[in-house]
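If you're matching positions, the sequence shown starts at 214 in our numbering and goes up one per residue.
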Amino acid sequence: MCGIVGYVGNREATPILLSGLKRLEYRGYDSAGLALLEELPRAVSTSNGHSAELVTSTRLIIEKCKGKVTDLEEIAANKPLHSTIGIGHTRWATHGAPSDVNSHPHTDQNDKIAIIHNGIIENYAHIRDRLIARGHSFRSETDTEVLAHLIGEFYSQNHNLTESVRLALNEVVGAFGIAVIAADDPNEIVCARKGSPLVIGVGNDNEYFVASDAAAIIAHTRQVIYLSDNEMATVSRSGIKTRTISNIEITKPVEVIDMELEAIEKGGFAHFMLKEIHEQPRTITDAMRGRVIEEEGNVILGGLQNHLKDLRRAKRLIITACGTSFHAGLIGKYMIEQYARVPVEIEYASEFRYRNPIVDDEDVMFAISQSGETADTLAAIREGKRKGSLALGIVNVVGSTIARESDAGVYIHAGPEIGVASTKAFTSQLTVLALLTIMLGRMRHLSVVDGRSMIRELLQIPDKVQQTLDSTERQITEIAEIFKDAANFLYLGRGYNYPVALEGALKLKEISYIHAEGYPAAEMKHGPIALIDENMPVVVIAPQDDVYEKVLSNIQEVRARKGHVIAIATEGDEKIKELAEQVIFIPKTLPVFTPLLSVVPLQLLSYYIATARGCNVDQPRNLAKSVTVE
Ligand code: G6P
Numbered sequence: 214m215c216g217i218v219g220y221v222g223n224r225e226a227t228p229i230l231l232s233g234l235k236r237l238e239y240r241g242y243d244s245a246g247l248a249l250l251e252e253l254p255r256a257v258s259t260s261n262g263h264s265a266e267l268v269t270s271t272r273l274i275i276e277k278c279k280g281k282v283t284d285l286e287e288i289a290a291n292k293p294l295h296s297t298i299g300i301g302h303t304r305w306a307t308h309g310a311p312s313d314v315n316s317h318p319h320t321d322q323n324d325k326i327a328i329i330h331n332g333i334i335e336n337y338a339h340i341r342d343r344l345i346a347r348g349h350s351f352r353s354e355t356d357t358e359v360l361a362h363l364i365g366e367f368y369s370q371n372h373n374l375t376e377s378v379r380l381a382l383n384e385v386v387g388a389f390g391i392a393v394i395a396a397d398d399p400n401e402i403v404c405a406r407k408g409s410p411l412v413i414g415v416g417n418d419n420e421y422f423v424a425s426d427a428a429a430i431i432a433h434t435r436q437v438i439y440l441s442d443n444e445m446a447t448v449s450r451s452g453i454k455t456r457t458i459s460n461i462e463i464t465k466p467v468e469v470i471d472m473e474l475e476a477i478e479k480g481g482f483a484h485f486m487l488k489e490i491h492e493q494p495r496t497i498t499d500a501m502r503g504r505v506i507e508e509e510g511n512v513i514l515g516g517l518q519n520h521l522k523d524l525r526r527a528k529r530l531i532i533t534a535c536g537t538s539f540h541a542g543l544i545g546k547y548m549i550e551q552y553a554r555v556p557v558e559i560e561y562a563s564e565f566r567y568r569n570p571i572v573d574d575e576d577v578m579f580a581i582s583q584s585g586e587t588a589d590t591l592a593a594i595r596e597g598k599r600k601g602s603l604a605l606g607i608v609n610v611v612g613s614t615i616a617r618e619s620d621a622g623v624y625i626h627a628g629p630e631i632g633v634a635s636t637k638a639f640t641s642q643l644t645v646l647a648l649l650t651i652m653l654g655r656m657r658h659l660s661v662v663d664g665r666s667m668i669r670e671l672l673q674i675p676d677k678v679q680q681t682l683d684s685t686e687r688q689i690t691e692i693a694e695i696f697k698d699a700a701n702f703l704y705l706g707r708g709y710n711y712p713v714a715l716e717g718a719l720k721l722k723e724i725s726y727i728h729a730e731g732y733p734a735a736e737m738k739h740g741p742i743a744l745i746d747e748n749m750p751v752v753v754i755a756p757q758d759d760v761y762e763k764v765l766s767n768i769q770e771v772r773a774r775k776g777h778v779i780a781i782a783t784e785g786d787e788k789i790k791e792l793a794e795q796v797i798f799i800p801k802t803l804p805v806f807t808p809l810l811s812v813v814p815l816q817l818l819s820y821y822i823a824t825a826r827g828c829n830v831d832q833p834r835n836l837a838k839s840v841t842v843e
């Protein structure tokens, strides 16, 4: 989704802003832009008319275009821009189609102020009408331009930039992360947030950065200040002043981000997605590190230690999430209900937040989110908290909004996930859910012996994922070649592997744009079977578990209608070889952990089909990595 980067210091701003924007490309965007303040020295005659004095004035320069950051880079290369302060943006269209004119930055009515904005101003139409009545005219269809004009209104009434921004924000309803500069205030960037993340980087030598995502500034500094909702900052070469939007001065701590630059680079892989798929043996290990006590068959999740009592007496757990995280949550439900015997409800956060859900103080909510910024998930836990529930997070991005707003939580420690299609975060979420299952189980009915054998098996999963990668990747490239032109795909699974079927289908549609549906295998006969003919590849997840025989019958049903079966099966399964056209083998494990293995070939299959079709795997069209609007 939209990205923000800003710089004020003593170096040339353009390359810093462009490289920052490139680091944000993974979030998904359709246009990019820059605003810079260029200092113009000019000679002015002195009063005696003999000598000339050098003064400077500042000019606001805006460059923006529909397309990629490289397009913007080309524009900038042809017009050398000299400036030590500026803001840059990648836009993901909400109000108004992707176009040059709708791209950010937007300016006010006097072209003095430039603003970049993530989020949505909900009452923009009302404000725009009011401003039009006062003589304003607008160039774009965006809500952001309206905010620029509103700030401009206050600025033209002689309020300083910070105050103008503050007064304008007091009138808007909606979500925003913004950065603003003004030609007449060449030393400062004013930024603010409500519902859209914003971080300020503290560099060396009086330089400062602003970003919507630490990845944009990590090459320059690890020292950051996270703004919270309804807070704003005035960032200049002489420091940072923070206040609330209601004008109370505040002091914010400087925190150190623990993120290596290599973690956000491709490291020799063709795409981030492929790198992240291959990182899984390590990221699964990282999710378990220091958390299991093998001898006691138990698990310690540090972040939940203060809430063990609530977890022990919880009558019900509610999991809420979106996208891939929702699929992990669905598997979590199956795990927890089987081993801990606590009822678990799982609901899409977008549904939960608006339907007056039944929640009380005997429930415990879990929000699962890779980014920790998904607007719907955030709103869902706020709703749960309002109704008295304890709200816990299972989050990847340290310091993200969900991580900070939940009562407590567990980090999955997958490291930065850059590919838009989530892969390693999914398996790390599953690992944490498995740990949680063991912990909840041991609080209730799970014996030490059973806990121990689950842990022993879980500890072997990273090696089994590695084995899966090593033994299936080449075969999957061949399968991808065969089926890359299919118009539709069906994914089937049962029990723990039903959500994996959903996830496999989601991965394929996200990055290859092939229509794919995931279904519980037995439900096929209630509808999707009508679609099966010789053109339909059907991926069936059929490990040797307690529903194995049933899934074999489903395979027969597909074959009888000439569908092409690609089976994911347990190694050594000779029987399935006779039934399926293609068989991809995964190592044997406990049924509860099979999703950690069975999803890996599905990730690879979608990756290789998408690359065979020439798709932009890391930045699929229309998608965003972190969806900060509802
Ligand atoms: C977007 C991403 C998905 C992700 C979903 C939920 O749609 O493209 O990959 O699964 O958001 O995101 P979250 O960060 O909350 O897990």
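Ideal Cβ placement from N, Cα and C applies to all residues, glycine included.
No experiment lies behind these values; they were computed from the predicted model shown.
Review point. Measuring from the CB of Gln322, is there a heavy atom of the ligand G6P at a distance below 7 angstroms?
Key: Sequence index remark: in the sequence shown, residue 322 carries index 109 (1-based). It does not: the Cβ of Gln322 is nowhere closer than 7 angstroms to a heavy atom of the ligand G6P.
Exercise for review: For the alpha helix (DSSP H) containing Ala427, list its first residue and its last residue.
Suggested key: Position 214 of the sequence shown, counted from the start, is the residue given in the question as residue 427. For Ala427, there is no enclosing alpha helix (DSSP H), since its DSSP letter is neither H nor E.
Practice item. Please indicate yes or no: does the CB of Gly481 lie closer than 7 angstroms to some heavy atom of the ligand G6P? Key: By one-based count along the sequence shown, residue 481 stands at place 268. Gly481 Cβ: outside cutoff for every heavy atom of the ligand G6P.
Review point. Per the contact definition of three or more C-beta pairs closer than 8 angstroms, is the segment 592-611 in contact with the segment 550-569?
Key: Judged by Cβ distances under 8 angstroms, the segment 550-569 makes contact with the segment 592-611, as three or more pairs qualify.
Exercise for review: May I ask you to check if the CB of Gly536 is nearer than 7 angstroms to at least one heavy atom of the ligand FAD?
Suggested key: No copy of the ligand FAD appears in this structure; the ligands present are the ligand G6P.
Practice item. Hey, could you find the ends of the beta strand (DSSP E) Asn407 is sitting in? Key: Here residue 407 is taken as the residue at index 194 of the sequence shown, counted from 1. Looking at the sequence itself, residue 407 is Lys, so the reference to Asn does not match. It spans 398-407 - the beta strand (DSSP E) in which Lys407 sits, taken as one unbroken run.
**Study point:** Length of the line joining the Cα atoms of Val448 and Ala837
**Key:** Walking along the sequence shown from the start, residue 448 turns up at place 235. Walking along the sequence shown from the start, residue 837 turns up at place 624. Going from the Cα of Val448 to the Cα of Ala837 covers about 28 angstroms.
Point to revise | Alpha-carbon spacing of Pro556 relative to Val577, whole angstroms | key: As a working note, residue 556 is residue 343 in the sequence shown. As a working note, residue 577 is residue 364 in the sequence shown. Looking at the two C-alpha atoms, the distance is approximately 11 angstroms.
**Study point:** For Thr357, the nearest candidate out of Val385, Leu231, Arg379, Leu411 (CA to CA)
**Key:** Counted from its first residue, the sequence shown places residue 357 at position 144. The residue with the shortest Cα to Cα distance from Thr357 is Val385.
Exercise for review: Tell me whether the beta-carbon of Pro733 lies closer than 8 angstroms to the beta-carbon of Ile779.
Suggested key: Taking the first residue of the sequence shown as 1, we reach residue 733 at position 520. Taking the first residue of the sequence shown as 1, we reach residue 779 at position 566. No.
Review point. Is Ala837 near the ligand G6P, judged by its Cβ being under 7 angstroms from some heavy atom?
Key: Numbered from 1 along the sequence shown, position 624 holds the residue referred to as residue 837. At least one heavy atom of the ligand G6P is nearer than 7 angstroms to the Cβ of Ala837, so yes.
**Study point:** As assigned by DSSP and simplified to three states, the class of Glu564
**Key:** The residue given as residue 564 occupies position 351 in the sequence shown. DSSP places Glu564 within a helical segment (H, G or I) once states are collapsed to three.
Exercise for review: Using 10 angstroms around the beta-carbon of Ile345, count the other beta-carbons present and answer buried if the total reaches 16, otherwise exposed.
Suggested key: Taking the sequence shown and counting its residues from 1, one reaches residue 345 at position 132. It is exposed - the Cβ of Ile345 has fewer than 16 other Cβ atoms within 10 Å.
Check your understanding: Can you pull the DSSP bridge partners for Glu468?
Key -> Sequence index remark: in the sequence shown, residue 468 carries index 255 (1-based). Answer by DSSP bridge pairing, in chain order: Val437.
Review point. For Gln832, which three-state DSSP category applies?
Key: Looking up residue 832 in the sequence shown gives position 619. Correct three-state label for Gln832: coil.
Practice item. With a threshold of 16 other CB atoms inside 10 Å of the CB of Asn767, please say whether the residue is buried or exposed. Key: For this step, residue 767 is matched to residue 554 along the sequence shown. Buried, since its Cβ has 16 or more Cβ neighbours within 10 Å.
Check your understanding: By Cβ distance, which residues of its chain are closer than 6 angstroms to Ile229, with the 5 residues on each side in sequence left out?
Key -> Here residue 229 is taken as the residue at index 16 of the sequence shown, counted from 1. These residues qualify, in order along the chain: Tyr220.
Exercise for review: Quick one: grab the DSSP three-state call for Arg456.
Suggested key: Locating residue 456 in the sequence shown gives position 243, where the first residue counts as 1. Note: Arg456 maps to strand in three-state DSSP.
**Study point:** Ala381 - containing beta strand (DSSP E), residue span
**Key:** As a working mapping, residue 381 is identified with position 168 in the sequence shown. Premise fails: Ala381 lies in the alpha helix (DSSP H), 374-382, not in any beta strand (DSSP E).
Check your understanding: Going by DSSP, which residues form a beta bridge with Met445?
Key -> Against the sequence shown, residue 445 aligns to sequence position 232. According to DSSP, which records beta bridges pairwise, Met445 is partnered with Ala405, Arg456.
Check your understanding: Helix or strand or just coil, what does DSSP make of Glu843?
Key -> Within the sequence shown, numbered from 1, the residue matching residue 843 stands at position 630. Three-state DSSP puts Glu843 in coil, outside helix and strand.
Check your understanding: Between Leu543 and Glu550, what straight-line distance do the alpha-carbon atoms span, to the nearest angstrom?
Key -> Mapped onto the sequence shown, residue 543 falls at position 330. Mapped onto the sequence shown, residue 550 falls at position 337. Approximately 11 angstroms between the Cα atoms of the pair.
Review point. How should Asp758 be labelled, buried or exposed, when 16 other C-beta atoms within 10 angstroms of its C-beta is the threshold for buried?
Key: Stepping through the sequence shown from its first residue, residue 758 is reached at position 545. The residue is buried, with at least 16 neighbouring Cβ atoms inside 10 Å.
Exercise for review: Could you say if the segment 434-442 and the segment 391-411 meet the contact criterion of at least three C-beta pairs nearer than 8 angstroms?
Suggested key: Remark: three or more beta-carbon pairs, one from each stretch, lie closer than 8 angstroms, so the segment 434-442 and the segment 391-411 are flagged as touching.
**Study point:** Contact set for Gly632: own chain, Cβ-Cβ below 6 angstroms, skip 5 residues either direction
**Key:** For the purposes of this step, residue 632 is taken as the residue at position 419 of the sequence shown. So the qualifying residues of the chain are Phe485, Met486, Glu489, Asp831.
Exercise for review: Take the Cβ of Asn315 as the centre, count every other Cβ of all protein chains shown within 10 Å, and call the residue buried at 16 or more, exposed below.
Suggested key: Locating residue 315 in the sequence shown gives position 102, where the first residue counts as 1. Residue burial is scored here from C-beta neighbours: Asn315 has at least 16 other C-beta atoms within 10 angstroms and is therefore classed as buried.
Practice item. Please report how far the alpha carbon of Gly309 lies from the alpha carbon of Ile689, in whole angstroms. Key: In the sequence shown, the residue the question calls residue 309 occupies position 96. In the sequence shown, the residue the question calls residue 689 occupies position 476. Taking the Cα positions, Gly309 is about 40 angstroms away from Ile689.
Exercise for review: Give the DSSP bridge partners of Glu252, in chain order.
Suggested key: Working through the sequence shown from its first residue, we reach residue 252 at position 39. According to DSSP, Glu252 bridges with Thr271.
Review point. Can Arg529 and Arg657 be called in contact, C-beta distance under 8 angstroms?
Key: Within the sequence shown, residue 529 is the residue found at index 316, counting from 1. Within the sequence shown, residue 657 is the residue found at index 444, counting from 1. The answer is no: Cβ separation not under 8 angstroms.
Practice item. Mind listing, in chain order, the continuous alpha helix (DSSP H) runs of no fewer than 4 residues lying wholly within the segment 479-528? Key: Taken in chain order, the unbroken stretches of alpha helix (DSSP H) that lie wholly in the segment 479-528 and span 4 residues or more are 485-491, 493-501, 521-526.
Review point. By Cβ distance below 8 angstroms, which residues in the same chain neighbour Gly480 in space, the five residues on each side in sequence not counted?
Key: Locating residue 480 in the sequence shown gives position 267, counting from the first residue. Closer than 8 angstroms at Cβ, skipping near neighbours: Lys488.
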